[in-house]
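In terms of UniProt numbering, the sequence shown opens at residue 1 and continues consecutively. By construction, the Cβ of each residue, glycine as well, lies at the ideal position given by its N, Cα and C atoms. The block underneath contains the structure these notes are about, expressed in structure tokens.
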Amino acid sequence: MVVTASSIRERLIRHALRHRNPTKTLPRRPRDPPPSSSILHHIAAGDLRASITVLRATPSSFPASVYSRLLHLCASRRALVAARCVESHIISSSFPSPPSTFLLNRAIETYALCGSISDARELFDEMPHRTGGTWNAMISAYASAGCPSDAIALFVRMNVSGIRPKDVTFASVLRSCSSLLALTLARQVHGLILKFGFCVNVILGTSLVDVYGKCQIMDEAHKQFDEIPDPNPVSWNVIVRRYLDFGQAEKALCMFLRMIHVGVIPLNFTVSSALVACSDSSWLSVGCQIHGIVVKNGYETDYIVENSIMELYANNALLDMYTKCGNLKSADLWFLQMGSRRDKVSWNSLLAGYARHGRSEEAFDIFIEMLKETAPNEFTFSLMLAASANIFMLEHGKQIHACLIRNGFNIDVIIRGALVDMYCKCRLLDYAVRVFEKESSRDVVLWNSAILGFAYNGRGAYSIELFEAMQRDGIRPDNITFIGALSACAGLVDSGSGVQIHALISKSPFAYDVYMGSALVDMYSKCRRAFEAHRVFDNMPEKNVVSWNSLITCYEQNGPVSESLDMFVRMMECDVEYDEVTLASVVSACASLLCIREGMQIHAQAIKFEKLRNDLILCNALVDMYAKCGKVSVARKIFDGMMNIVAWNALIAGYTQNGENEEALRLFLMLKRESVWPSHYTFGNVLNACANLAELQLGQQAHAHVMKHGFRFQNGPEPDIFVGNSLLDMYHKCGSIDESRKVFERMLNRDRVSWNAMIVGYAQNGSGLEAINLYKRMLMSEEEPDNVTMIGVLSGCSHAGLVEEGRKYFDSMFKEHGLIPSRDHYTCMIDLLGRAGQFGEVEKFIREMPIEPDSVFWSSLLSACRVHHNVQMGEWVAGRLFELDSENSGPYILLSNMYAEVGRWADVVRIRKLMKDKGVIKQPGCSWVEIGRKIHVFMVKDKTHPKRKEIYRILRVLKMQMERLGAKLNAEVSPDILLLGAE
Numbered sequence: 001m002v003v004t005a006s007s008i009r010e011r012l013i014r015h016a017l018r019h020r021n022p023t024k025t026l027p028r029r030p031r032d033p034p035p036s037s038s039i040l041h042h043i044a045a046g047d048l049r050a051s052i053t054v055l056r057a058t059p060s061s062f063p064a065s066v067y068s069r070l071l072h073l074c075a076s077r078r079a080l081v082a083a084r085c086v087e088s089h090i091i092s093s094s095f096p097s098p099p100s101t102f103l104l105n106r107a108i109e110t111y112a113l114c115g116s117i118s119d120a121r122e123l124f125d126e127m128p129h130r131t132g133g134t135w136n137a138m139i140s141a142y143a144s145a146g147c148p149s150d151a152i153a154l155f156v157r158m159n160v161s162g163i164r165p166k167d168v169t170f171a172s173v174l175r176s177c178s179s180l181l182a183l184t185l186a187r188q189v190h191g192l193i194l195k196f197g198f199c200v201n202v203i204l205g206t207s208l209v210d211v212y213g214k215c216q217i218m219d220e221a222h223k224q225f226d227e228i229p230d231p232n233p234v235s236w237n238v239i240v241r242r243y244l245d246f247g248q249a250e251k252a253l254c255m256f257l258r259m260i261h262v263g264v265i266p267l268n269f270t271v272s273s274a275l276v277a278c279s280d281s282s283w284l285s286v287g288c289q290i291h292g293i294v295v296k297n298g299y300e301t302d303y304i305v306e307n308s309i310m311e312l313y314a315n316n317a318l319l320d321m322y323t324k325c326g327n328l329k330s331a332d333l334w335f336l337q338m339g340s341r342r343d344k345v346s347w348n349s350l351l352a353g354y355a356r357h358g359r360s361e362e363a364f365d366i367f368i369e370m371l372k373e374t375a376p377n378e379f380t381f382s383l384m385l386a387a388s389a390n391i392f393m394l395e396h397g398k399q400i401h402a403c404l405i406r407n408g409f410n411i412d413v414i415i416r417g418a419l420v421d422m423y424c425k426c427r428l429l430d431y432a433v434r435v436f437e438k439e440s441s442r443d444v445v446l447w448n449s450a451i452l453g454f455a456y457n458g459r460g461a462y463s464i465e466l467f468e469a470m471q472r473d474g475i476r477p478d479n480i481t482f483i484g485a486l487s488a489c490a491g492l493v494d495s496g497s498g499v500q501i502h503a504l505i506s507k508s509p510f511a512y513d514v515y516m517g518s519a520l521v522d523m524y525s526k527c528r529r530a531f532e533a534h535r536v537f538d539n540m541p542e543k544n545v546v547s548w549n550s551l552i553t554c555y556e557q558n559g560p561v562s563e564s565l566d567m568f569v570r571m572m573e574c575d576v577e578y579d580e581v582t583l584a585s586v587v588s589a590c591a592s593l594l595c596i597r598e599g600m601q602i603h604a605q606a607i608k609f610e611k612l613r614n615d616l617i618l619c620n621a622l623v624d625m626y627a628k629c630g631k632v633s634v635a636r637k638i639f640d641g642m643m644n645i646v647a648w649n650a651l652i653a654g655y656t657q658n659g660e661n662e663e664a665l666r667l668f669l670m671l672k673r674e675s676v677w678p679s680h681y682t683f684g685n686v687l688n689a690c691a692n693l694a695e696l697q698l699g700q701q702a703h704a705h706v707m708k709h710g711f712r713f714q715n716g717p718e719p720d721i722f723v724g725n726s727l728l729d730m731y732h733k734c735g736s737i738d739e740s741r742k743v744f745e746r747m748l749n750r751d752r753v754s755w756n757a758m759i760v761g762y763a764q765n766g767s768g769l770e771a772i773n774l775y776k777r778m779l780m781s782e783e784e785p786d787n788v789t790m791i792g793v794l795s796g797c798s799h800a801g802l803v804e805e806g807r808k809y810f811d812s813m814f815k816e817h818g819l820i821p822s823r824d825h826y827t828c829m830i831d832l833l834g835r836a837g838q839f840g841e842v843e844k845f846i847r848e849m850p851i852e853p854d855s856v857f858w859s860s861l862l863s864a865c866r867v868h869h870n871v872q873m874g875e876w877v878a879g880r881l882f883e884l885d886s887e888n889s890g891p892y893i894l895l896s897n898m899y900a901e902v903g904r905w906a907d908v909v910r911i912r913k914l915m916k917d918k919g920v921i922k923q924p925g926c927s928w929v930e931i932g933r934k935i936h937v938f939m940v941k942d943k944t945h946p947k948r949k950e951i952y953r954i955l956r957v958l959k960m961q962m963e964r965l966g967a968k969l970n971a972e973v974s975p976d977i978l979l980l981g982a983e
């Protein structure tokens, strides 16, 4: 059989018919799903690439919901290129009709979330039709992208265009004002909110709280919070955080507890802020209660992935709270309980706690343990460098620095700032300069470390140079920068630079910062400008204890000292809680004013508080106050409970100032036996005691101690200038003017006190010409004379008999140096004219004097009358003295001697009778002599000396020898006169 094509075809047909299933049809090719369903499926699966593929393959438009979901996916992935594709498809698929404004608004928001503010602005500018939502989206984009100025400018343009803003618009603008700390602008926006009739809702209320809080107007911030009808957890978080940032940790805690009381569950961020507040205020017990809230609300055991970061944040905040409160034992236990949940922040918090509380060695042990578990970051290294920022841990710091260099670790500006800080605190300024100059891109933190470090080390001029260089580099100073610059000005006593920096602060966002105000008060105080300090204080909207302390200390150091007590009273009236610094300053003011009663009251206040009772600074001030007020026994009791070098100095000074110079020297010997290292102030007081005793040998021994302990005043540091000045005073009071001159000539650096001490020393030792020549040298130097200088100069003219020169120098006080003559200067002039016997000029001078003469003035003139035997004027002057001080025996004795010298014995007897009638007693004469390193004191008619019998026997022998030599008593002289002379 022949097989043909037709037969084959037939066979196939039959085969197919034979095997056909009558219940089924032949399969057909499946149809593709609609593009909308496909793209929604990919979006739900999070497959952005597949979604964009479908989008590009479909020329027709999609529903608005699809575009919205796709843009949301792009934003969550920060997929800028994909977002551009979506925007392009929205526009192209709608052509020739205009694209949906709603979708383009979403595209603007997406661009902002993707970090491309330029794409958002380009789309905004090209939109043919803009709604209020468009403006809101763009303003919000600027605010979120950190472009607050652009957001505000666009808001202004929106108002000009007549578009009514919404609450979300105002919220974005207020957020921009917060970023700029633009308080005035924020108030204007607040006014617009009220003008447009918006009721304060949660969004607007929270934004207002935030902006006022960041601008440090916490009263207004709190007021706006109270006006929110139903604050949500975010609102509570903002008010708690703002109080914390403002430094009012206690109020932050109060708001947190109020939040718990009204039943609002706090955010993890809020819990962390409350724990930080406990750290700042050292309220450990409250922190433990918040720890209980953490456990109760499950923050510590929340293992949901979305909350894991927040959980760690709260745990680390707990750890940080325990370390800052000094409860390192609880911090260790909590750190161990965290187990595998520990991260770098946990380790760093524990390290910071140990470093902060001075346990640097243990911090390094923890650092070694950390290296076994995790790698340190730049913050870890900066912490360890901070722990090394003292002379005892310097080698550890150098090792870390070497380790960073050896291992090629990137030494960024944070670590470099910590290095600069460490080397400055260890006074290795050359190292600090090298580290600082190696960094080309310096940020504000690095500049601050250098400015503060050099100011701390007394290099204020270099700090100000750095401050100026920082501004030339375009770095904007922050509050720390300004505080460092002000500290430099205070150290230099440079009020001119301080005023310029004050002007910059006034234009900055920190003009009303409470710490900035305190720094300004301190700067003006140290520049001796109390009026400006008080004006700054009065203009501060918010004052804390530091502000009050700065002004109280200002008046205590610069005067009028009584004003510091008035400010303390005012401080208590304002219910400001004082601290140990406040009381120490007020006690020092009481010491200066000799106000023992007020000082005892303040001491009683200190005893009530345990933290003040044993404060070292306060106790030192109390020792000084009691010693200066003559209560040396009380000062000694306080001293015996502390015995640090400051207390030693205060008590030695107290003994010296109260005339107990021998006791001061005994205490110095006791100090040496106790192996306490004396300071320059110690030696200054010891030298003063030697000067008061006029004991040259002891003074020379003290001088040897000075040299032995390294206070080589000729090298020039300020403490050594202080010692040098004390040596000058001691030598000239001991009559050794040559030694005083040698000390002065060896001093390479002298201050005004040095010049004054030497000029007055020359004058008091009768070297008037030398005093005037030294004054001429002083005028040729950079040192300006003061009132003390002129007293020395006028006294020198008086001793040298240089009347005309004395007149010239007296007239130059105000004309050339701006000094107003005091009563002491007029007394010097009277002494000058009286010694020269120019009593006519004296009378004329007295008539022209603008002040009323005192007893010292008249006594000086009476002495001159005796020298020149001017009995007539002497009687007139003595009469004035009898009126001023009738119980002082000096004028009676001087007048009696004048009568005796001219032979008027009847008047001598009359004066003696007048003294008896008025009960005036002449102070008994006193003399002393040192024999065998022991001082023997002798008084008139003294019967208490242990060797009085031998002394009187020698006196009788001397009397008989005098009589044999013809020194017989004049029979014409009455026994009363002899008695008067003997006394």
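What's the C-alpha gap between residue i and residue j?
| i | j | result |
| --- | --- | --- |
| Pro63 | His129 | 20 Å |
| Ala488 | Ile464 | 7 Å |
| Arg241 | Asp47 | 39 Å |
| Gln605 | Leu862 | 50 Å |
| Trp347 | Met370 | 7 Å |
| Ile203 | Cys554 | 46 Å |
| Ser441 | Thr206 | 37 Å |
| Phe196 | Gly132 | 15 Å |
| Ile721 | Ser736 | 20 Å |
| Asn725 | Val743 | 9 Å |
| Glu963 | Glu950 | 20 Å |
| Asp831 | Arg741 | 26 Å |
Buried or exposed: where does residue i fall if 16 or more other Cβ atoms within 10 Å of its Cβ makes it buried?
| i | result |
| --- | --- |
| Lys425 | buried |
| Arg258 | exposed |
| Pro266 | buried |
| Glu770 | buried |
| Gly684 | buried |
| Gln248 | buried |
| Thr944 | exposed |
| Asp538 | exposed |
| Ala704 | exposed |
Less than 7 Å separating the Cβ of residue i from some heavy atom of the ligand MN?
| i | result |
| --- | --- |
| Arg242 | For the ligand MN, the structure offers nothing, since it holds no ligand at all. |
Within this structure, are the beta carbons of residue i and residue j separated by less than 8 Å?
| i | j | result |
| --- | --- | --- |
| Arg416 | Glu437 | no |
| Ala186 | Cys215 | yes |
| Ile480 | Asn457 | no |
| Thr110 | Ala83 | yes |
| Leu774 | Ile759 | yes |
| Val420 | Ala450 | yes |
| Val521 | Val499 | no |
| Phe381 | Ile400 | yes |
So with Cβ pairs under 8 Å, would you call residue i a contact of chain B?
| i | result |
| --- | --- |
| Ser562 | Of the protein chains in the structure, only one exists, and it is not chain B. |
Inset, instruction - Inspect the CB distances between the region 879-894 and the region 840-859 and report whether three or more fall short of 8 Å. - result: Of all C-beta pairs linking the region 879-894 to the region 840-859, three or more are shorter than 8 Å, placing the two stretches in contact.
Inset, instruction - Only counting runs of 4 or more residues, tell me where the alpha helix (DSSP H) segments fall wholly within the region 449-489, in order along the chain. - result: Taken in chain order, the complete alpha helix (DSSP H) segments of 4 residues or longer contained in the region 449-489 are 460-472.
Inset, instruction - At 4 residues or longer, and completely inside the region 884-921: list those alpha helix (DSSP H) runs for me, N to C. - result: For the region 884-921, whole alpha helix (DSSP H) runs of length 4 or above, ordered along the chain, are 889-901 and 905-918.
Legend entry - Length-filtered (4 minimum) alpha helix (DSSP H) runs lying within the region 177-262: Those alpha helix (DSSP H) runs which fall completely within the region 177-262 and span 4+ residues are 183-195, 202-214, 218-226, 233-245 and 249-261.
Legend entry - Stretch pair the region 172-180 + the region 136-155: three plus CB contacts closer than 8 Å: With the cut-off at 8 Å, the region 172-180 and the region 136-155 touch.
Inset, instruction - Evaluate the contact criterion for the region 540-552 versus the region 503-510: three or more CB pairs, one atom per stretch, below 8 Å. - result: Short answer: they don't touch.
Inset, instruction - Let me know the alpha helix (DSSP H) ranges lying completely inside the region 824-867, each 4 residues or longer, listed in chain order. - result: If one requires a minimum length of 4 residues, the alpha helix (DSSP H) runs lying completely within the region 824-867 are 839-848 and 855-867, in chain order.
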